[in-house]
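Colleague: Protein chains in written order, with the working numbering: chain R, 1 to 476; chain U, 477 to 777.
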């Protein structure tokens with residue numbers, strides 16, 4: 001066992017996410033957002049003119065749009081002042097676009113990802129890994145055998161240069177236009193880093209590819225963009241993980257994800273979000289699914305001060321299907337507002353949404369969802385199930401599952417439960433030898449079990465570990 | 477040999493103006509003995525059992541519950557002299573469990589999503605850890621969990637605890653055969669969707685796995701058909717005969733006592749044990765009813 005691994009072993013789970021690194025950067029943008037800032041960033045990235053134009057157009061839209069403030073029960077965003085954040089930090093690494101060997105990274109950055117266990121996971125279970133530090137991807141690698149089959153997995157900035165045609169066609173045009181919402185517009189103006197994944201026709205990428213996003217600096221914003229294009233009959237599983245150490249000033253994460261699921265293709269998009277509790281996590285994620293294609297969104301939201309995230313699938317072709325699995329965990333001071341959106345725009349489309357949320361110590365979780373079945377989407381079906389578990393009377397949970405059904409020959413099922421953890425259940429487990437904390441933890445793991453048993457094993461393990469971490473020391 | 481000693485126990489519902497339920501319960505149960513505790517509804521039988529296990533809904537206002545341990549109680553484990561007598565009222569429910577107290581519930585909780593295997597192995601290991609800590613004061617911090625994929629959602633952490641998965645499976649199979657339980661139970665969620673009879677059988681199975689010194693069984697016979705009653709009775713007898721567990725069995729009916737013959741029978745009225753005797757007391761009760769006891773007790777007073 002190498003000394004690196006020994007070091008890993010000694011790091012407890014919490015320290016895996018909480019450590020900080022001194023900020024060393026090659027380029028730091030001025031605080032706030034002006035046309036000038038955007039021009040400087042675009043120039044620093046050596047972008048083509050059309051991308052700069054898109055950024056500037058998005059900026060105008062951002063400036064025109066109001067902050068969302070009137071959603072029932074939504075997180076308080078009054079602290080989110082974009083003029084106070086540093087929108088762009090280029091870390092001090094020699095190779096623009098990321099190295100393909102961890103050893104080529106500066107020690108402090110390498111050490112960060114070692115502690116997070118990324119290189120280890122890459123060896124064991126992944127087809128490829130991308131790692132973003134602050135605003136730029138610093139590491140990117142994929143196994144050769146996938147490259148040989150024409151699979152592309154590179155950082156988004158590089159894709160703008162090397163796959164300009166595809167990016168120009170798909171980037172914030174038909175899936176998530178900047179006009180979608182204020183934070184999508186912000187993202188369109190200031191995006192940096194992220195992943196580009198292209199899977200050619202009939203290629204199945206057997207092991208997942210993973211991207212890891214790390215914010216290290218105080219008061220910064222991270223705005224990575226992920227674009228996945230899965231051609232006809234292809235299959236890929238993309239995993240993203242996120243974390244940051246905690247600072248007193250707020251951080252802003254506003255990612256954009258666009259997925260194009262071709263005919264009979266299958267894309268699974270999994271997120272484990274463990275942002276520090278001073279982070280506002282406001283994302284827009286959307287997929288367009290062609291005939292017979294399948295999109296799966298799996299989201300575990302544990303961290304952040306406030307999250308607003310409603311991954312959407314537009315089922316555009318006949319027989320397209322969607323599966324959403326969402327787990328949210330809100331502790332003290334957290335408001336996790338998540339959900340799902342599905343648009344059934346073609347006949348015989350199918351969606352299932354399962355959401356489980358847990359709130360404790362005054363935390364709040366909301367499920368906010370929309371299922372829209374268009375007129376003419378005959379023989380479509382949807383099943384929505386949302387369950388909420390509260391630990392105490394201080395915690396809150398709301399369920400807002402909207403349905404717009406404009407077609408009569410459809411099958412719609414909806415089920416929701418909200419409950420408090422039962423004292424008799426806890427006593428029963430205690431009487432068998434489990435202490436109070438372990439009893440509660442067992443009840444929570446049982447509560448999310450129907451979901452975790454459907455997850456890929458490596459993802460389920462990570463998620464369970466985070467749930468345990470969230471529960472540790474904060475109970476009783 | 478362990479002895480559970482209840483002395484002058486008074487208790488009430490733990491809320492403002494909570495009703496006084498126990499008014500001086502005295503009772504002693506030793507390892508290897510079978511006691512039946514009988515009495516009409518509301519006499520305080522179930523409350524007694526819950527207080528022994530440490531249910532937070534009750535407040536003890538007077539009296540004590542002691543557990544005396546001897547060397548043979550935990551196999552080869554030597555028990556330090558200063559750790560032989562315990563005041564249960566000062567201990568958490570899980571600590572009482574660690575020292576060998578088991579409560580079989582009248583209405584066992586249903587825990588969704590937690591398989592029987594995962595639950596029972598976790599409980600067994602928690603019990604062993606806690607017992608060491610109580611007896612020897614060792615705070616055996618478990619080694620830091622290694623990063624890696626060694627957790628199975630169905631069975632819990634593979635390496636976590638004294639009893640590993642393989643060893644546990646073997647133990648479990650043995651006990652289930654004894655109780656004539658189907659192996660399919662092990663992958664089912666704890667009591668979730670179990671029939672009334674299956675739940676009771678499961679309570680006895682848990683006692684068989686956790687090997688308590690003293691098991692308090694609250695109306696284990698209610699809601700059982702005759703076949704299941706025989707299985708459950710066989711299990712209870714095995715607890716006593718093979719593990720030396722002392723049994724305090726709470727029941728309304730003579731019926732189960734035909735299969736699990738008690739060494740001692742106690743009758744509770746109005747929060748006290750008012751009459752004790754041998755097995756014949758239960759048949760007298762069956763013939764004459766509680767009014768007979770009531771008259772006898774209150775006339776004597």
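Using N, Cα and C, we set each Cβ at its ideal position, and we do this for glycine too.
Because the structure is a prediction, the values reported are computed rather than measured.
1. Under 8 Å, Cβ to Cβ, is there at least one residue of chain R near residue 579 (chain U)?
2. Pull out every residue of the region 577–603 of chain U whose Cβ sits closer than 9 Å to any Cβ of chain R, in chain order.
3. Is it buried or exposed for residue 688 (chain U), if we count other Cβ within 10 angstroms and need 16 for buried?
4. Take every Cβ of the region 244–257 of chain R, pair it with every Cβ of the region 214–226 of chain R, and state whether three or more of those distances are shorter than 8 Å.
5. Determine the extent of the alpha helix (DSSP H) in which residue 187 (chain R) is found, giving its start and end residues.
6. List, in chain order, every chain U residue whose beta-carbon is nearer than 8 Å to that of residue 300 (chain R).
7. At which residue ranges does the region 659–747 of chain U contain complete beta strand (DSSP E) runs of 3 or more residues, listed in the order of the chain?
8. Residues of chain R with CB closer than 9 Å to the CB of residue 568 (chain U), please, in chain order.
9. From what residue to what residue does the beta strand (DSSP E) around residue 365 (chain R) run?
10. Report yes if the C-beta distance between residue 272 (chain R) and residue 463 (chain R) is below 8 Å; otherwise report no.
11. To the nearest angstrom, report how far apart residue 89 (chain R) and residue 150 (chain R) are at their CA atoms.
12. What residues in its chain sit with their C-beta under 6 Å from that of residue 20 (chain R), if we drop five residues either side in the sequence?
13. Below 8 Å on the Cβ atoms is my contact criterion, and I expect residue 189 (chain R) with residue 62 (chain R) to pass it. Report the Cβ-Cβ distance as a whole number of Å.
14. Looking only at its own chain, which residues have a Cβ that is under 8 Å from the Cβ of residue 155 (chain R), when we skip the five neighbours before and after it?
15. List the residues of chain U whose Cβ lies closer than 7 Å to the Cβ of residue 243 (chain R), in chain order.
16. List, in chain order, every chain R residue whose beta-carbon is nearer than 8 Å to that of residue 532 (chain U).
17. What residues in its chain sit with their C-beta under 8 Å from that of residue 82 (chain R), if we drop five residues either side in the sequence?
18. How big is the Cα-Cα spacing for residue 206 (chain R) and residue 122 (chain R)?
19. Output, in chain order, the set of chain R residues within a Cβ distance shorter than 8 Å of residue 682 (chain U).
20. Using only alpha-carbon positions, find the residue among U:570, U:551, U:647 and U:537 that is nearest to residue 439 (chain R).
21. If you follow the beta strand (DSSP E) that residue 416 (chain R) is in, where does it begin and where does it stop?
22. Using the Cα positions of residue 595 (chain U) and residue 147 (chain R), report the straight-line distance between them to the nearest angstrom.
23. Quick one: is residue 480 (chain U) buried, meaning 16 or more other Cβ sit within 10 Å of its Cβ, or exposed?
24. Can you tell which of R:182, R:124, R:113 and R:168 has its C-alpha closest to the C-alpha of residue 60 (chain R)?
25. Name the chain U residues that come within less than 7 Å of residue 327 (chain R), Cβ to Cβ?
26. Within its chain, find whatever has a CB closer than 8 Å to the CB of residue 549 (chain U); leave out the 5 residues flanking it on each side and keep chain order.
27. For residue 529 (chain U), go through chain R and note every residue whose CB falls closer than 7 Å to its CB, in chain order.
28. Determine the extent of the alpha helix (DSSP H) in which residue 479 (chain U) is found, giving its start and end residues.
29. Look at the alpha carbon of residue 124 (chain R) and the alpha carbon of residue 112 (chain R), and state the distance between them as a whole number of angstroms.
30. Give the DSSP bridge partners of residue 273 (chain R), in chain order.
31. Going by CA-CA distance only, name the one from U:737, U:524, U:743 and U:589 that's closest to residue 664 (chain U).
32. Please report whether the beta-carbon of residue 608 (chain U) lies at a distance below 8 Å from any beta-carbon of chain R.
33. Might you give, ordered along the chain, the residues of its own chain that have their beta carbon closer than 7 Å to the beta carbon of residue 775 (chain U), omitting 5 neighbours on each side?
34. Kindly say whether residue 574 (chain U), judged by its beta-carbon, lies nearer than 8 Å to any beta-carbon of chain R.
35. How big is the Cα-Cα spacing for residue 256 (chain R) and residue 226 (chain R)?
36. Is residue 535 (chain U) near residue 488 (chain U), with beta carbons less than 8 Å apart?
Modeller: Judging by the given coordinates:
1. The beta-carbon of residue 579 (chain U) is placed less than 8 Å from the nearest beta-carbon of chain R.
2. Flagged, chain order: 577, 578, 579, 581, 583, 584, 585, 586, 587, 588, 589, 590, 591, 594, 595, 596, 598, 599, 600, 601, 602 and 603.
3. Result: buried.
4. The region 244–257 of chain R is in contact with the region 214–226 of chain R.
5. Bounds of the alpha helix (DSSP H) holding residue 187 (chain R) are 182–190.
6. At a beta-carbon threshold of 8 Å, none of the residues of chain U lie near residue 300 (chain R); the nearest stands roughly 14 Å away.
7. Taken in chain order, the unbroken stretches of beta strand (DSSP E) that lie wholly in the region 659–747 of chain U and span 3 residues or more are 690–694, 722–726 and 740–745.
8. Near residue 568 (chain U) (Cβ distances below 9 Å), the residues of chain R are 430, 435 and 436.
9. DSSP places residue 365 (chain R) in the uninterrupted beta strand (DSSP E) bounded by 364–373.
10. Yes, Cβ-Cβ distance for residue 272 (chain R) and residue 463 (chain R) is below 8 Å.
11. Residue 89 (chain R) and residue 150 (chain R) have their C-alpha atoms roughly 32 Å apart.
12. For residue 20 (chain R), the CB contacts under 6 Å within the same chain, skipping 5 residues up- and downstream, are 245 in chain order.
13. Taking a contact as a CB-CB distance under 8 Å, the pair residue 189 (chain R) and residue 62 (chain R) counts as one, their CB atoms being some 6 Å apart.
14. The beta carbon of residue 155 (chain R) sits closer than 8 Å to the beta carbons of 97, 98, 130, 132, 136, 137, 140, 193, 194, 195 and 196 from its chain, once the five residues preceding and following it are set aside; these are given in chain order.
15. Under a criterion of Cβ atoms nearer than 7 Å, no residue of chain U is adjacent to residue 243 (chain R); the nearest Cβ is some 15 Å distant.
16. Neighbourhood of residue 532 (chain U) in chain R, by CB distance below 8 Å: 423 and 427, in chain order.
17. Around residue 82 (chain R): 32, 33, 186, 221 and 252.
18. Rounded to the nearest whole angstrom, the CA to CA distance from residue 206 (chain R) to residue 122 (chain R) is 14 Å.
19. Per Cβ cutoff of 8 Å: 432.
20. Minimum Cα distance to residue 439 (chain R) is reached at U:570.
21. For residue 416 (chain R), the enclosing beta strand (DSSP E) has its first and last residue at 411–420.
22. For the pair residue 595 (chain U) and residue 147 (chain R), the Cα-to-Cα distance works out to about 45 Å.
23. It is buried - the Cβ of residue 480 (chain U) has at least 16 other Cβ atoms within 10 Å.
24. For the residues R:182, R:124, R:113 and R:168, the minimum Cα distance to residue 60 (chain R) belongs to R:182.
25. Within 7 Å Cβ-Cβ: nothing; residue 327 (chain R) doesn't reach chain U, min ~13 Å.
26. Correct list, in chain order: 477, 478, 507, 555, 576 and 689.
27. What residue 529 (chain U) touches in chain R: 431.
28. Counting along the chain, no alpha helix (DSSP H) covers residue 479 (chain U); the unbroken beta strand (DSSP E) around it starts and ends at 479–489.
29. Approximately 19 Å, taken between the alpha carbons.
30. Partner(s): R:242 and R:301.
31. Comparing Cα-Cα distances from residue 664 (chain U) to each of U:737, U:524, U:743 and U:589, the minimum goes to U:589.
32. So, not an interface residue.
33. Within the same chain, no Cβ atom closer than 7 Å to the Cβ of residue 775 (chain U) is found once the five residues on either side in sequence are excluded.
34. Yes, residue 574 (chain U) lies at the interface with chain R (some Cβ there is under 8 Å from its Cβ).
35. Between residue 256 (chain R) and residue 226 (chain R), the C-alpha separation is close to 6 Å.
36. At a Cβ-Cβ threshold of 8 Å, residue 535 (chain U) and residue 488 (chain U) count as neighbours.
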